[in-house]
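What follows is a short report on a single structure.
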Amino acid sequence: MKLHKLITGIQERMSQRHQQGKPMFVLLLGLITLGVIFTIAIANPYQHSINSLMVFGAVSLAMLTCIYLGMSVFLGLSVGATVAVAHIVIVSMASGGIYSPRMVWLSLLPIAVFYNFGLKVALYWLAVTLLAVCAMAVWTISHIFNAPFVFAQSYATASVLSYALATVILMMVPWLYELMSAQQLRLKHQKTVSLQAKQVQLEHAQQMQEHFIASVSHELRTPMNAILGLNSVLLERVKDKPQASKVLAYTRQSADHLMTVINDVLDYSQFNTGQISARVERFALRQTVRSAFELFQPKIENTTLRYTCEIGADVPEWVSTDRHRLMQVLVNLLGNAIKFTHQGGVTLQVRALNGGVEFAIQDTGIGIASDQQQKIFERFSQADASIQSRYGGSGLGLTISQRLVQMLGGQLQLESDEGAGSRFWFWLPMQGEQAPTPAMSPPGLAQQLTERALKFLVVDDHRVNRLLASQVLMRQWPGSVVDECDDGSKAVQALQAGTRYDLVLMDMVMPVMDGIEATRLIRQSHLPGVRATPVLGLTANVNAQDLARFKQSGLNGLLLKPFDLAQLHSEVRRLLVLPT
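Residue numbering for the sequence shown follows our numbering, beginning at 5 and increasing consecutively.
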């Protein structure tokens, strides 16, 4: 414990510079020196040099004590080194001069100084050491002192050369090591700085990529909302015209395909940035499966394929998971099966299994070779180079589907033989739940909503989207009045002016004032009627953080563009029965 306290005390009194370098070297050097001195004193054959040993030991101990009490390390070691040179010279003179084995201790002195004070000071002590060696050789040859034995002059020259070379080499070893270490540190620092700069560049590039994809997605979804919505409106109006209905159905298929590509690209980007997560909700499983299956009915009608859906009797009606993502996986797998099947059929099978539900899509298409089955799950990959040119596709569908299934707690698997069809299946941990209790509406409310002159406010900066919303609302509620605003500030002003609306349909991304701020101001209004106005958010922005902010601003409901007209009708009806 006392030795530990001594070491700690000396270390605390060293300058900041030496605390950051090799502070313990000074202490250990002094302690080792004292140990060597007393060992030599005990086993010293030259009794007349004991006095010199005692003096050197006393000086070394005094220097350690002074350093402990606050003396400069440089001064302490300088005094100690000077006394060490004098001591070695004295004991060497008494034990053979230049031939004395004690002379070897001089070669260690510059190294000790180098480790503590650097190259310049070490070179000074190297010169002192070499001078001491040369002086000892001259004194020995000149018989200035009485050596116990005398060799020829050639032996003295060899001894001088040996000691000098040994000292220089010993000095060069740590110096070269220090030089190379410093160079390596500089290189590492340069690489670190370079990597940090590249990291900043990559993070910036990733942020720009995310911003670009989000912007492109928004700009594509916004017109697609009008295309799909107006397509549905036109289909309703030309039911009795088969040719027109057929043309519009083809248009719808092309638009749906484009939306699939847009969604795949966006989902892949969000997976890479960790922005996608499951949104669990309770829903009717059988109805969802049938909806995914029936999406391809118009396409199948123009082929000779058998297209069947088999849902086991033990499959639960209501379950909880991310309905939208499950639907997306089923649509991707069914679309692939139909695309690669020219004869035979495609079957969707759903059954309860091991406390969950298994989904399987079986086809009799072209199949996949065994050595290509893992490759198809890689991004932008297809089983064969000719697949892209013959069948098209982005190469992201199966990659996205696999990640979505994993996110939902399952694993997408494949069985296939080339030329004999394929079977994709996955199991999800879903158990049956009770059906939600339907909200009870007052008797005759539905008829009142249809007959009543409802008043809507549509807030959107795109004129075509405002037109679509107005057409849908006025067609569903013929006696309704629809006002329009192209930014959030105008909507807030209209409400604050006293105009009463049954429902506000609010876009999120708009100039002047966005939908988030506008909805927040509506909820903070001093007018109770304005605060209680139901607000339905409509947006093409699918960023999870932005959607969360939009909901937190005070929305009563939210639909993503392009929205399904039936969804819009259902959501509007739900919000119109809210207490106001």
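The beta carbon of each residue, even a glycine, is placed where N, CA and C say it ideally should be. Small disclaimer: the values here were computed from a predicted structure and weren't measured.
Handout entry: Minimum length 4: unbroken alpha helix (DSSP H) runs contained in the stretch 338-365
Key = none
Practice task
Give every residue of the same chain whose Cβ lies closer than 8 Å to the Cβ of Ala-253, excluding the five residues on either side of it in the sequence, and list them in chain order.
Solution key: Leu-239 and Pro-302
Practice task
Figure out for me which residue from Glu-223, Gly-122 and Thr-133 has the closest Cα to the Cα of Ala-186.
Solution key: Gly-122
Exercise for the section: On the DSSP bridge assignment, give the partners of Ser-420 in chain order. Expected result: Ser-426
Problem - Met-212 burial status per 10 Å Cβ neighbour count (16 or more: buried) - result: exposed
Handout entry: As assigned by DSSP and simplified to three states, the class of Trp-109
Key = helix
Problem - DSSP bridge partner residues for Glu-488 (one or two, in chain order) - result: Val-462
Exercise for the section: Return helix, strand or coil for Ile-643, following the three-state DSSP convention. Expected result: Examination of residue 643 is not possible in this model, given that the chain is present from 5 through 584 alone.
Practice task
Evaluate the contact criterion for the stretch 282-301 versus the stretch 347-366: three or more CB pairs, one atom per stretch, below 8 Å.
Solution key: yes
Practice task
Following the continuous beta strand (DSSP E) through Leu-559, name the residue where it begins and the one where it ends.
Solution key: No beta strand (DSSP E) contains Leu-559, which DSSP labels as neither H nor E.
Problem - Proximity of Val-361 and Met-434 at Cβ, strictly below 8 Å - result: yes
Practice task
Return yes when the Cβ of Ile-315 is within less than 8 Å of the Cβ of Val-293, no when it is not.
Solution key: yes
Handout entry: Nearest neighbour of Ala-498, chosen from Thr-196, Val-534 and Ser-64 [CA to CA]
Key = Val-534
Problem - Between the CA atoms of Val-237 and Gln-480 - distance to the nearest angstrom - result: 11 Å
Exercise for the section: Under 8 Å by Cβ, that's how I've got Arg-329 and Leu-224 pegged, so tell me the actual separation to the nearest angstrom. Expected result: In fact, because the Cβ distance is near 20 Å, the residues do not count as touching under 8 Å.
Handout entry: Beta-bridge pairing of Thr-325 - partner residues as DSSP gives them
Key = Glu-285
Problem - Among Asp-490, Ala-457 and Gly-483, nearest to Asn-469 - alpha-carbon criterion - result: Asp-490
Problem - CA nearest to the CA of Trp-129, picked from Leu-507, Leu-564 and Leu-81 - result: Leu-81
Exercise for the section: Starting from Thr-86, trace the alpha helix (DSSP H) both ways and give me its first and last residue. Expected result: 77-97
Practice task
State the start and end residues of the unbroken alpha helix (DSSP H) segment that holds Gly-401.
Solution key: 401-411
Handout entry: Residues bridged to Glu-575 [DSSP beta-bridge criterion]
Key = The partner list for Glu-575 (beta bridge, DSSP) is empty, contrary to what the question assumes.
Exercise for the section: Return the CA-CA distance between Leu-458 and Tyr-505, expressed in angstroms with no decimal places. Expected result: 8 Å
Practice task
Report all residues from its chain with a CB closer than 8 Å to the CB of Ser-295; omit the five preceding and five following residues, and keep chain order.
Solution key: Met-331
Practice task
Assign Met-510 to one of three DSSP states: helix, strand, or coil.
Solution key: strand
Handout entry: Segment limits, alpha helix (DSSP H) that includes Gly-519
Key = 519-527
Handout entry: Distance between Ala-116 and Glu-182 (C-alpha atoms, nearest Å)
Key = 13 Å
Problem - With 16 other Cβ atoms within 10 Å as the buried cut-off, status of Gln-571 - result: exposed
Exercise for the section: Return the chain-ordered list of same chain residues with a C-beta closer than 7 Å to the C-beta of Arg-524, the five sequence neighbours on each side being excluded. Expected result: Ser-557 and Gly-558
Practice task
Please name the residue in Ser-221, Phe-554, Ala-230 and Asn-547 whose C-alpha comes closest to that of Ile-526.
Solution key: Phe-554
Handout entry: Lys-243 classed as buried or exposed, judged by whether at least 16 other C-beta atoms fall within 10 angstroms
Key = exposed
Exercise for the section: Classify Leu-564 as helix, strand or coil using the three-state DSSP reduction. Expected result: strand
Handout entry: Distance between Gln-410 and Leu-289 (C-alpha atoms, nearest Å)
Key = 19 Å
Problem - Own chain residues within Cβ distance below 7 Å of Met-4, not counting five before or after - result: Given that the chain is displayed from residue 5 to residue 584, the structure contains no residue 4 and the question cannot be resolved.
Handout entry: Residues sharing a beta bridge with Glu-314, DSSP
Key = Gln-353
Problem - Backbone secondary structure at Thr-308 - three-state DSSP - result: coil
Practice task
Please work out which residues of its chain come closer than 6 Å, Cβ to Cβ, to Ser-393, disregarding the five sequence neighbours upstream and downstream, and give them in chain order.
Solution key: Annotation note: pLDDT 43 at Ser-393 (below 50); position unreliable, coordinate value reported separately. Cβ within range, chain order: n/a, list empty.
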